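Here the structure comes first, spelled out in structure tokens, and everything after it is commentary.
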Amino acid sequence: MRNTITFRSVNHQDGAVLITALIFLVILTLLALTSMNTNTLEEKMAANSQEINRAFQTAETGLDLAVNDDDAFTTANKEELDGTAGDLYDKSLTNIGTYGAEVDYNAVYRQKTRPPRGSQWDQSFALYHFDMSATGSTQSGAMTKIHGGAYQVGPDS
130 MRNTITFRSV NHQDGAVLIT ALIFLVILTL LALTSMNTNT LEEKMAANSQ EINRAFQTAE
190 TGLDLAVNDD DAFTTANKEE LDGTAGDLYD KSLTNIGTYG AEVDYNAVYR QKTRPPRGSQ
250 WDQSFALYHF DMSATGSTQS GAMTKIHGGA YQVGPDS
């Protein structure tokens, strides 16, 4: 018995392995590009969310600054307390924190109310109501505006 070995000629190969390998490479390249684009988009979304949070925290700081500012709630130095724009106290600060954020805060006098009759309050005092707002912004352009209210007890003049 004789073993005969037959060799295929190089000219008869169809190149199926080459075509299959190229298709797999194209598919893997597309998957890699899609994954890179998704990661880039997720990083941008995370950065935007972080900047919005910084702007919100800056605006919160602005409300805290307004509450702690002695001049924001003073009613003694105003000639007419009628709840109009002339009763506005406005202040701006820059470089809040380590991120260079800015805050604008204000307090607007709105009205004075007396304690209800028959209450245990001394009728020589009144409640002075204020609206407060603060706008926090970051260097990237993110901005948040928040509002709050406060009142102080003072002499009824």
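One point on numbering: in our numbering, the residue at position 147 of the sequence shown is 276, and numbering is uninterrupted.
No residue lacks a Cβ here, since even glycine has one placed at the ideal position from N, Cα and C.
None of the values given here were measured: they were computed from a predicted structure.
Whole-angstrom C-beta distance between residue j and residue i, which should lie under 8 Å
i: V232; j: G265; result: 5 Å
i: A230; j: Y218; result: Contact doesn't hold; Cβ gap of about 21 Å is too wide.
i: Y234; j: S253; result: Between S253 and Y234 the Cβ distance is about 31 Å, and since that is not below 8 Å, they are no contact.
i: Y280; j: H258; result: 5 Å
i: I225; j: T190; result: 6 Å
Option nearest residue i by Cα separation, candidates the options
i: L256; options: A195, T267, Q240; result: Q240
i: H276; options: I148, L157, V196; result: V196
i: S221; options: E172, L162, A188; result: A188
i: T267; options: N168, T223, N166, I148; result: T223
i: V282; options: P244, L159, S248, Q249; result: P244
i: S286; options: G247, T242, R246; result: T242
i: S269; options: L154, T169, K173, I152; result: K173
Residues of its chain near residue i, where Cβ-Cβ distance is below 8 Å and the 5 sequence neighbours each way are ignored
i: A271; result: N177, E180, I181, R183, A184
i: P284; result: S253, F254, A255
i: V146; result: none
Contacts around residue i, its chain only, beta-carbon distance under 6 Å, and the 5 residues preceding and following it disregarded
i: A214; result: Note on A214: pLDDT 49, under 50, position unreliable in the model; no value is reported.
i: Q186; result: none
i: D143; result: none
Any non-hydrogen atom of the ligand ATP closer than 7 Å to residue i Cβ
i: S164; result: Ligands are entirely absent from the displayed structure, and the ligand ATP is therefore not among its contents.
Beta-carbon contacts of residue i that lie in its chain and below 7 Å, excluding the five residues immediately before and after
i: L192; result: Y234, M261, A263, I275, G277
i: N206; result: Low per-residue confidence applies at N206: pLDDT is 48, beneath 50, and the placement is therefore not dependable, though the value from the model is reported in the following sentence. Answer for N206: no residue qualifies.
i: L162; result: none
Contiguous beta strand (DSSP E) assignments of at least 3 residues, all confined to the stretch 189-262: Counting only runs of 3 or more, we get 217-225, 230-242.
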